[in-house]
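Novice:
Numbering (my numbering), first residue to last: 470 to 721.
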């Protein structure tokens, strides 16, 4: 099931509900099984006039074989697969009709933000990159973060991945190893000042490694979950970076 990647296409349409030619955005969802935040961003980006493609990460949605999730020892290899899938998604989207092949961007939230940061650093394949509620030092986040991070820590601990073993395993997917390859002119990081899952120090580390200007690191007065109130602003901000001219599109 995980060798076949599923993407949900949120198709941009005009007010007559006719599909239109438009830039595209690949959306990488969070760790929740319902992929709620990912679908919310994809739907909102469609309303901004973009074709949004929410990629289902390994063991999510249609890619969950027999309803099972990966065990602790498989979590890191699964994230490596997710990074590869997200990079390849750009090529798949570019081959589709109606997509502006010269304007394909990437957005990811929380777990999806970590995957986005690493995937986008590989070769600058995406035109714009929007990283939300993620940061650097993934090992530190897993060891010290609360809630979602604590769940990952528990699973990895069960598999015996602690201390140096954990550090060594996570190093292969650590964003800051290659974040210097990101284009700081077309990369934005959105973090929450009261985040206890991905603390501000981790966001600052990623911003520093990626050489982001202060205007490209937007700090929200929120925690990892209440940042949802900023979604309308975030959608508008992304639209302004990708395509400053607004497009009349169909309502839901």
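Glycine is no exception: its CB is placed at the ideal position from the N, C-alpha and C atoms.
Give a yes or no on whether the C-beta atoms belonging to residue 521 and residue 573 are separated by under 9 Å.
Specialist: No, the Cβ-Cβ distance between residue 521 and residue 573 is not below 9 Å.
Novice: Taking a contact to mean a Cβ-Cβ separation below 9 Å, would you say residue 516 touches residue 704 in this structure?
Specialist: Yes, they are a contact pair.
Novice: Measuring only from the beta carbon, is residue 495 closer than 8 Å to any heavy atom that is part of the ligand ATP?
Specialist: The ligand content of the structure shown is nil, which means the ligand ATP is not present either.
Novice: Pick helix, strand or coil for residue 583, following the three-state DSSP scheme.
Specialist: Residue 583 falls in the helix class under three-state DSSP.
Novice: Given that a residue counts as buried once 16 or more other Cβ atoms are within 10 Å of its Cβ, and exposed if not, what is residue 649?
Specialist: Exposed, since its Cβ has fewer than 16 Cβ neighbours within 10 Å.
Novice: Please list the segments of the alpha helix (DSSP H) lying wholly inside the stretch 566-615, counting only runs of 4 or more residues, in order along the chain.
Specialist: As far as the stretch 566-615 is concerned, its whole alpha helix (DSSP H) runs of at least 4 residues are 580-590 and 607-613.
Novice: Could I get the ranges of all uninterrupted alpha helix (DSSP H) runs contained in the stretch 486-529, with 4 residues as the minimum, in chain order?
Specialist: Counting whole runs of 4 or more residues, the stretch 486-529 contains the alpha helix (DSSP H) stretches 505-516.
Novice: Got a sec? Which residues, its chain only, sit under 8 Å from residue 631 by beta carbon, not counting five neighbours each side?
Specialist: These residues qualify, in order along the chain: 625.
Novice: Would you report the Cα separation of residue 628 and residue 543, rounded to the nearest angstrom?
Specialist: Roughly 9 Å between the two C-alpha positions.
Novice: So, is residue 606 buried or exposed, given that buried needs 16 or more other C-beta atoms within 10 angstroms?
Specialist: So residue 606 counts as buried.
Novice: To which residues does DSSP link residue 475 through a beta bridge?
Specialist: According to DSSP, residue 475 bridges with nothing at all.
Novice: Would you tell me roughly how many angstroms separate the C-alpha atoms of residue 696 and residue 661, rounded to the nearest one?
Specialist: Spanning the two alpha carbons is a distance of roughly 7 Å.
Novice: Among 586, 532, 518 and 663, which has the Cα closest to the Cα of residue 709?
Specialist: It is 518.
Novice: Just the Cα atoms here: how many angstroms apart are residue 551 and residue 487?
Specialist: Cα-Cα distance, rounded: 33 Å.
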